[in-house]
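Q: If you read the sequence shown in our numbering, its first letter stands for residue 230, the second for the next number, and so on.
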Amino acid sequence: MDRLYAPWRTKYVTTDGTKIKGCVFCYAVEHLDKDEELGVLHREKDFFIVMNKYPYSPGHIMIIPNLHTSNLEDLDPEIFAKISLFTQKGVKMLKEVLNAQGVNIGMNLGKAAGAGIAEHIHLHLVPRWKGDTNFITTIADTRVYSSDVKEMYKKLKNVSSDYFR
């Protein structure tokens with residue numbers, strides 16, 4: 230894989246210029262005052278919804294339980310049921326606000342399954358459009374985004390309370 234030097238991306242893995250130590254999702258659970266900086270769209274008692282800082286496509290969001298666990302089976306069934314309900318609401322938001330023509334939903338449980346942060350389960354909602362993939366990912370192992378992550382956050386944050394109630 231080729232590497233591109235992109236120093237402006239440092240802000241995606243740091244807060245106030247320092248690297249987050251430990252689990253980044255637990256950091257978000259513990260720092261309610263940093264929702265905008267961390268890309269949090271909505272919070273419930275047992276989970277939160279956040280923009281993915283390294284999206285597969287623009288508008289990629291995640292629903293993350295507050296409980297730090299790598300095992301889905303450790304999650305209280307009632308919390309998982311509520312996460313499922315908010316997954317439906319998230320899909321509706323992505324379709325109506327971003328005009329997504331489809332949405333990939335899923336969890337990668339464990340490193341072997343492709344989890345980037347395997348120690349804390351999280352559910353992905355990835356908006357998709359016909360023709361949203363191109364050759365650059367295949368031939369250069371590089372992603373090209375049509376939208377700025379920060380601008381996408383503002384757009385979704387402005388309507389999130391309409392969908393997540």
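No residue lacks a Cβ here, since even glycine has one placed at the ideal position from N, Cα and C.
Remember, it's a predicted structure, so these values are computed and weren't measured experimentally.
Whole angstroms are fine: how far does the CA of Ile350 sit from the CA of Gly343?
A: Translated into the one-based positions of the sequence shown, residue 343 becomes position 114. Translated into the one-based positions of the sequence shown, residue 350 becomes position 121. About 12 Å.
Q: Once you ignore the five residues that flank Phe393 on each side, which residues in its own chain have a CB closer than 7 Å to its CB?
A: As a working mapping, residue 393 is identified with position 164 in the sequence shown. Answer for Phe393: His271, Ile278, Phe315, Lys318, listed in chain order.
Q: Between the alpha carbons of Leu174 and Trp358, how many angstroms are there, rounded?
A: This structure does not reach residue 174, given that the chain is present from 230 up to 394, and the question cannot be answered.
Q: Tell me which residues share the same chain as Asp353 and place their Cβ nearer than 6 Å to its Cβ, disregarding the 5 neighbours each side in the sequence.
A: The residue you call residue 353 lines up with position 124 of the sequence shown. Correcting the residue identity first, residue 353 is His in this sequence and not Asp. Correct list, in chain order: Met291, Gly335.
Q: What's the C-alpha gap between Tyr382 and Gly360?
A: Residue numbering aside, residue 382 sits at position 153 when the sequence shown is read from its first letter. Residue numbering aside, residue 360 sits at position 131 when the sequence shown is read from its first letter. Going from the Cα of Tyr382 to the Cα of Gly360 covers about 23 Å.
Q: From which residue to which residue does the alpha helix (DSSP H) around Phe315 run?
A: For this step, residue 315 is matched to residue 86 along the sequence shown. 306-327 is the extent of the alpha helix (DSSP H) around Phe315.
Q: May I have the straight-line CA-CA distance separating Ala329 from Met280, to the nearest angstrom?
A: Here residue 329 corresponds to residue number 100 of the sequence shown, with the count starting at 1. Here residue 280 corresponds to residue number 51 of the sequence shown, with the count starting at 1. Straight-line Cα distance between these residues: approximately 16 Å.
Q: Return the chain-ordered list of same chain residues with a C-beta closer than 6 Å to the C-beta of His289, the five sequence neighbours on each side being excluded.
A: As a working note, residue 289 is residue 60 in the sequence shown. The answer, listed in chain order, is Asn281, Val355.
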